[in-house]
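Below you'll find the structure, written out as structure tokens, and then a few comments.
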DNA sequence: ACTATAAACGGACTTTACCCCGCTTAGTGT
DNA sequence: ACACTAAGCGGGGTAAAGTCCGTTTATAGT
């Protein structure tokens, strides 16, 4: 009976129509965002645009913020793969300090690009903005540990550095203040700041 | 005609009934928060409780988040005074590094105490959570400058350290993870982390 | 006191996130 | 093929944020 083994990433138990509708909804969301910005994304609007019922939208994503989280997760997964198994210094192989720096250098542009969506994914009922944080936090923790940070400070510093990296783009920058990211490779104040921070913190 | 010169802090131009109603509403808000938590604060509920119309609530505070911002500002002003003109090392007089450390030591408990309200003051339509940030950011910037940080890194680091200090309590800690703050003076991981961060950053 | 006026008030109205529950359908075992 | 069942679907219903505009009222100038 040609039972396909893991036809897509979805871990067994999601029906084919459900998966199709999810894709349809995400595409609709991307279209609305591109055309009119995140603030114009409404549950009813998405449902109509995708030719589905409103209830379906909620079943798939749980909440409005959930839609943006799902959009982020898509790109987030790719980012995560580069961190976990890509080439150094972002991936494994380089020494911890260089990996920390590299992580920030890649993460800041990533967040700048996803700024609007990431902000829309913040939800007062959920503590962490996205799956985003759940990747950054353990990764930083591991690297900081390897870099020889005193264990007594590890927990507090992990949380603070996570906030230092992701917080600015969640909390302290408005949409208008996010300029086009300059030419790739050009210096960005947040990247510079991060490098300086890490090197002073664990390099000395 | 007994025109009182600045009878209260309100800087001329706010009518007496407006001021009275503002107080009434803030009191109602504090009561609801104490009884049922921030999530149960609704604009209609507040209006009814204060015996006013809903339009008035919006006129006074602009938005739901605005109410929480107003509540914070009250305490924030007191905090600010201690920073600007209180005794060192929090106030002026000590050297910049000690003032930075002291700022974190006082700020973390402050934010822990106001955690629920501070989170409720976050609003996706407004970039910074409260007047909170507008105090922390320039203050840190000044101290970091005095502490001899290279000007090239000053802007980026200011934003990041602000996020490092305030971000954890906005974004990365859920309500359940905020324990009663231990006895005053007892060590807190975030305070320790902050001290370590600052000393490494500008002390070395 | 009286009037003018700008601010404040109130509550109906609109929009939108989110809930609910009866109906439909894809997947599975025979 | 067929029936069975759990998952998915739809859209009407609720509650709460935010807007609007006609009415009321505090204050200043005379």
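Chains as they are written, first to last, in the UniProt record's numbering: chain R, 1 to 204; chain E, 1 to 204.
All C-beta atoms, glycine included, are put in the ideal place defined by N, C-alpha and C.
Since the model is a prediction, treat every value here as computed from it, not as a measurement.
- Under the Cβ criterion of 7 Å, residue 138 of chain E is not counted among the residues facing chain R.
- Non-local C-beta neighbours of residue 141 of chain E in its own chain, meaning closer than 7 Å and more than five positions away in sequence, comprise 154 and 158, ordered along the chain.
- For the C-beta of residue 189 of chain R, the chain E residues within less than 7 Å are, from N- to C-terminus, 155 and 156.
- When 7 Å is used as the limit between beta carbons, residue 193 of chain E is near these residues of chain R: 153, 156, 157 and 160, in chain order.
- Non-local C-beta neighbours of residue 50 of chain R in its own chain, meaning closer than 6 Å and more than five positions away in sequence, comprise 24, 25 and 28, ordered along the chain.
- CA-CA distance, residue 188 of chain E to residue 167 of chain R, rounds to 21 Å.
- With a cut-off of 8 Å on Cβ pairs, the stretch 79–91 of chain R is not in contact with the stretch 37–55 of chain R, counting fewer than three such pairs.
- The beta-bridge partner set that DSSP reports for residue 123 of chain E consists of E/126.
- Here residue 156 of chain R is buried, its C-beta having at least 16 other C-beta atoms within 10 Å.
- In the structure shown, the three-state DSSP call for residue 102 of chain E is helix.
- In the three-state scheme derived from DSSP, where H, G and I count as helix and E and B as strand, residue 94 of chain E is classed as strand.
- Distance between residue 57 of chain R and residue 102 of chain E, taken at the CA atoms: about 48 Å.
- Ranking R/164, R/34 and R/147 by CA distance to the CA of residue 98 of chain R puts R/147 first.
- Considering only R/86, R/19, R/20 and R/134, the residue with the shortest C-alpha distance to residue 69 of chain R is R/134.
- Sequence-distant partners of residue 198 of chain R (beyond 5 residues in either direction) whose C-beta falls short of 6 Å from its own C-beta, in its chain, are 100 and 101.
- At least one CB atom of chain R sits nearer than 7 Å to the CB of residue 196 of chain E.
- Rounded to the nearest angstrom, the Cβ distance from residue 170 of chain E to residue 171 of chain R is 6 Å, consistent with a contact under 8 Å.
- With respect to residue 123 of chain E, residue 47 of chain E sits apart: the two C-beta atoms are not nearer than 7 Å.
- The three-state reading of DSSP puts residue 53 of chain R in coil, since its state is none of H, G, I, E or B.
- The C-beta distance from residue 190 of chain R to residue 164 of chain E rounds to 12 Å, too long to fall under 8 Å, and the pair is not in contact.
- At a cut-off of 7 Å, the C-beta of residue 51 of chain E has no neighbouring C-beta in chain R.
- DSSP places residue 41 of chain E outside both helix and strand once states are collapsed to three, so it counts as coil.
- Per DSSP, reduced to three states, the secondary structure at residue 116 of chain R is helical.
- The alpha-carbon separation between residue 62 of chain R and residue 22 of chain R amounts to approximately 12 Å.
- Going by DSSP, residue 153 of chain E is part of the alpha helix (DSSP H) stretching over 151–167.
- In terms of beta-carbon proximity, residue 168 of chain E lines the interface with chain R, with at least one pair separated by less than 7 Å.
- For residue 201 of chain E, no alpha helix (DSSP H) segment is defined, and its DSSP state is neither H nor E.
- A distance below 8 Å between beta-carbons, with the five flanking residues on each side excluded, links residue 117 of chain R to the following residues of its chain, in chain order: 33, 38, 68, 71 and 72.
- For residue 16 of chain E, no Cβ of chain R is located within less than 7 Å of the residue's own Cβ.
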